[in-house]
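Chains as they are written, first to last, in the numbering used here: chain A, 13 to 523; chain B, 473 to 962. Built from N, CA and C at the ideal position, the CB exists for glycine as well.
Shown next, in the form of structure tokens:
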């Protein structure tokens, strides 16, 4: 195998995982330092991708394609495009942050914890890079296992229930995706995603309308569970609340994006007419999710649960943007994926820091934190404002684009969805008010200290990203736009070829 | 119609093609002779000897393969297919012998007879794998079964072990009788017991024997269905697996099952291939019933061995899906899956054997609690086997399932595939319970009492774990050979 930068970025965490298994159990600090080093090196290597990636070119780049299994023909095929590039960077950025914030909170079995964290990073990066459907499925499942252990071993009281629920939900969804993948293979004789797309666009591979819808659902349900789309979201609050901080961060910031990325990258180009047909009800579910998530978040007494439900709401915007089938909507959806990764990741970090100090997730146990820990409060405020979509911070750009796209598709969608924006301001500001303002109780005053240097190191990159992405989206959006434009074109142009509603000759004549 | 094959002595070539069985039987007999001589003084020697015999047997199978062809006037057929299963059952033997050292020592059980019986049983299975004649199949089946009945009751002071043996023996003989009855009907209809000839007769005469041949197929299906513990003939499996000594349960779940599936394939893909349409629905229902009954019953088990027994019923169901596909891909998938299953299931049983301790007292899921902390290595090994049984890539179990359901979809079995895959999601739940116990709970008294691993036992765990991962990362090694032999199975 030729060693390319992309394979290095992918395999560094795996190598780290294997090496971490052999570190001495007695010295947790060695594991911590090792994991920090590996994840930082991976992050630096992934920054190198930025230099190699041609922003003007669009399409899949830096590809590596090596045969893996001869029969059936499975390739280890990875490459990166303008969307997956950012998602990979998001994963590699958050991994060292997760190591930093777990430094003090993970005391038992630290060695395994960091090993699983690195394995998780490997799986997540793999999901975003895989260009072979089979390989994609392998990474999809690989990422499931470490998260299961992270929740189950280092989680809170109801961790076992949450871990098993998480695993079974994902598994149930993904087996149907496997069936759909195999079905595609049998008809296309290849797992190569690019080759299947070629066959579809040339008319070599044609799927009947009903066939296409079933395959679409096979993929979509797996992705919708991961996103999570209402009403398949019920695993998420449990998993988030019970997971350790690093688990919540990775789950919210990166893992949920696997679903959204899957919809964008696979569902739309592969099954365009089924996707367009379903756009109505999927967008409806997304809007229900936006409003429902926000309303439920508002009444949560538990901070983590509040942030978890806010994720349901935010991810609703992503799905809505995708199924608006407009350039702005898709751009906004991708941008919102990244924004949510940064700002919700940061929210979980802060909640984790508060928990580490006060040992409670109940909002009622707080109040007056602003006097006890002013810098922590300021940083949290920035994140809160970012999360509710204040202009000049990142979420504003994404939400604006999504709403614009949704309005162009159906004005009503935008009206309903914008309710979610208002509600998010309500629950987040109210949370901020209850936790940080007011008179500090004894517990808060004695225990809640301000940010320590290591915590600053974890928080600052996220704050910088919030401002940067809000102020100058041009650094990020152009490559995204290239990919989304292509997805739109694929889901548009090829429609007549891909559904056998009319005989081929007739289609040709119509053109 | 006259019997068309007459035995007129045999040649050297015949003997070479029969080499694995000869080696195993000779060593088995030698062990029985040595038993009173070495007896209690050197129990480990028996293990070494039977390992040597199994390795020699595998070498013999390779040699026989190089001189492949028919033997003993067409009674044996040594081809890639036969060799695959011969090596598989002997590999199962090796994987069974390795953990049995410490088991026999712990239970203070006689080592000589145990290994002798094991070798006889494997010899029978190896014969089934190469048989091309219904009578030879029957003889192989009996050799394998009778030895395994005794093995199931090997701990003769243990009531459960006795119960297991008795149950296995009674129900097993009943099932074998069904099979024999089927053979008789075939002979009555066609005048031959040679599979190739039966196939030729069926293919040329269109509906040769008609109903009667259908009945024969059904009778054999019952007999073999019992041996592979497919629903609705699975009732014996939970009791027998639970009661039998753990290494024997491991062996029963992999060895006889693989051999019975080999026969299944031989009979239904060659001799009865012309009757294919008739047995398809039967196979479809048996596959679905096995998966569903196995998985749903396993959900409620707390005894590890019993749970693995139900899980093995479910896995027989997956394999039946591949058989139902009735294609070369299906045959290859069956063979691959059985190889994978041997590794992961024997591995899982080996861990259970280790933790169950003296008198096999610790068999409950609760006894695994906190194993991840007290014995991280053992727990990690069981973790690999369980993830493979669930079907999480890159463990081999995933590829096994993948090939099976791929074959099924190629044969347009969409519903069976969907139901099977959903079944495997259900199955995840009970395997996860073990992972939960090992990793998410704190150590219990029982877990703390588990003795540390001996270096030999470590090998007995590493070997199947390496197999499980290797077949997942480079499945082509085995799969190519399986595909090649599947193409020959005509």
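Query	Result
Does the beta carbon of residue 478 (chain A) sit closer than 9 Å to a beta carbon anywhere in chain E?	The chain inventory of the structure shown lacks chain E, comprising the protein chains A and B.
How would you write the range of the alpha helix (DSSP H) that residue 391 (chain A) sits in, first residue to last?	386 to 399
If we count the other Cβ atoms within 10 Å of its Cβ and call it buried at 16 or more, is residue 512 (chain B) buried or exposed?	exposed
Below 9 Å on C-beta distance, what does residue 933 (chain B) contact in chain A?	Correct list: empty, because the minimum Cβ distance to chain A is about 16 Å.
For chain A, check one thing: does any of its Cβ atoms lie closer than 9 Å to the Cβ of residue 573 (chain B)?	no
Looking at the C-beta of residue 770 (chain B), does it have a partner C-beta in chain A at a distance below 9 Å?	no
Run through the DSSP bridge pairs and tell me what residue 549 (chain B) is partnered with.	B:542
Going along chain A in order, which residues have a C-beta closer than 7 Å to the C-beta of residue 800 (chain B)?	Those do not exist, as residue 800 (chain B) stays about 11 Å from chain A at its closest Cβ, beyond 7 Å.
Please list, in chain order, the residues of the stretch 23 to 51 of chain A that have any C-beta partner in chain B closer than 9 Å.	33, 37
So that I know if they touch, is there some Cβ in chain B lying closer than 9 Å to that of residue 270 (chain A)?	no
Determine the DSSP secondary structure at residue 77 (chain A), reduced to helix, strand or coil.	strand
Please classify residue 676 (chain B) as buried or exposed, where buried requires at least 16 neighbouring CB atoms within 10 angstroms.	exposed
Per DSSP, which residues does residue 775 (chain B) bridge with? Please list them.	B:836
Can you give me, in chain order, the residues of the stretch 938 to 953 of chain B that have a beta carbon less than 8 Å from any beta carbon in chain A?	946, 947, 948, 951, 952
CB-CB under 6 Å to residue 463 (chain B), same chain, minus the five flanking residues each way: which ones, in chain order?	Lying outside 473 to 962, the shown extent of chain B, residue 463 (chain B) is not represented and no answer is given.
Could you check the C-alpha separation between residue 385 (chain A) and residue 353 (chain A) for me, to the nearest Å?	25 Å
Assuming residue 111 (chain A) and residue 44 (chain A) are in contact, meaning their beta carbons sit under 8 Å apart, how far apart are those beta carbons, in whole angstroms?	7 Å
How about residue 368 (chain A): is its C-beta nearer than 9 Å to some C-beta of chain B?	no
Please report the distance separating the alpha-carbon of residue 673 (chain B) from that of residue 739 (chain B).	14 Å
Rounded to the nearest angstrom, how far is the Cβ of residue 332 (chain A) from that of residue 309 (chain A), given a contact under 8 Å?	Not confirmed; about 17 Å, so no contact.
Over the uninterrupted alpha helix (DSSP H) stretch that includes residue 363 (chain A), give me the two end residues.	339 to 370
Give every residue of the same chain whose Cβ lies closer than 6 Å to the Cβ of residue 496 (chain A), excluding the five residues on either side of it in the sequence, and list them in chain order.	342, 343
Based on the DSSP secondary-structure assignment, which residues constitute the bridge partners of residue 605 (chain B)?	B:666
Just the chain A side, please: which residues come within less than 8 Å of residue 901 (chain B) by C-beta, in chain order?	176, 180
Assess, as a yes-or-no matter, whether the stretch 90 to 98 of chain A is touched by the stretch 218 to 231 of chain A under the definition of 3 or more beta carbon pairs within less than 8 Å.	no
Please determine if the stretch 263 to 273 of chain A and the stretch 230 to 246 of chain A are in contact, where contact requires at least 3 C-beta pairs separated by less than 8 Å.	yes
Given residue 955 (chain B), which residues of its chain have a CB within under 6 Å of its CB, disregarding the five upstream and five downstream residues?	804
Please list the segments of the alpha helix (DSSP H) lying wholly inside the stretch 396 to 430 of chain A, counting only runs of 4 or more residues, in order along the chain.	406 to 421
May I ask you to list the residues that DSSP assigns as paired with residue 92 (chain A)?	A:73
Quick check on the DSSP output: the alpha helix (DSSP H) that includes residue 752 (chain B) runs from which residue to which?	748 to 770
At a Cβ cut of 8 Å, what residues of the stretch 734 to 753 of chain B count as close to chain A, listed as they run along the chain?	none
Tell me, please, whether the CB atom of residue 188 (chain A) is closer than 9 Å to any CB atom in chain B?	yes
In whole angstroms, what separates the C-alpha of residue 47 (chain A) from that of residue 124 (chain A)?	11 Å
Look at the Cβ atom of residue 548 (chain B), then the Cβ atom of residue 521 (chain B), and state whether they are nearer than 9 Å.	no
Taking residue 845 (chain B) as part of the alpha helix (DSSP H), name the residues at either end of that continuous run.	843 to 846
Could you have a look at residue 531 (chain B) and say whether DSSP puts it in helix, strand or coil?	helix
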